[in-house]
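Structure record follows, encoded as structure tokens.
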Amino acid sequence: MTIKDVEQQLGVPRATIRFYEREKLISPIRGSNGYRDYSADDVSRLKEIILLRKIGLSVNDVEDILDGARTLTEVLEENINKLQTQMEEINGAIVLTKKIQNDSLDTNRLDIDKYWNILEDEERISRSEERRVGKECRS
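In numbering that gives the first Met the number 0, the protein residues as written are 0 to 138.
Spelled out as structure tokens, the structure:
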């Protein structure tokens with residue numbers, strides 16, 4: 000299968016396919032004409048790589064899974080924790096954004112010190128909560 004065929008089948012640009020090849024995550028054979036010849040196994044592996052990347056895993060995480068350096072379960076658990084942290088940060092940003100929006104409706108100005116203090120307070124609370132949970136997990 001040519002790179003164009005793989006591109007069309009998976010809906011990813013050839014640059015992405017070549018990137019994973021450069022990272023040695025896939026290794027298509029070269030035909031006598033010098034062109035890459037992607038096997039069904041190469042396409043299947045690309046699907047796996049793309050799926051894992053779409054759920055937020057790094058290239059290093061994917062490589063570790065494919066090489067057997069770490070288990071899928073271990074990497075997925077780390078990813079869930081990372082995604083939950085990101086969700087908490089995004090939710091905090093949404094709450095603060097709405098507060099700023101509601102408070103600033105009349106003035107069209109931002110009280111930097113007020114919101115900076117709110118941000119610092121929220122981050123302090125978050126760090127305290129992380130330390131508390133960490134201690135509970137170690138106990």
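Beta carbons: idealized from backbone N, C-alpha and C, even for Gly.
- Cβ neighbours of Ser103 within its own chain (closer than 7 Å, five residues either side excluded): Leu109.
- Annotated three-state conformation of Asp4 is helix, per DSSP.
- Taken in chain order, the complete alpha helix (DSSP H) segments of 4 or more residues contained in the segment 57 to 91 are 58 to 66.
- Annotation for Glu22: Val58 and Glu62 place their beta carbon closer than 8 Å to its own, counting only its chain and skipping 5 residues before and after.
- Nearest in C-alpha terms to Gln8, of all of Val94, Arg123, Ser38 and Gly67, is Ser38.
- Nearest to Ile49 by C-alpha distance, out of Ile111, Phe18, Glu88 and Ile89, is Phe18.
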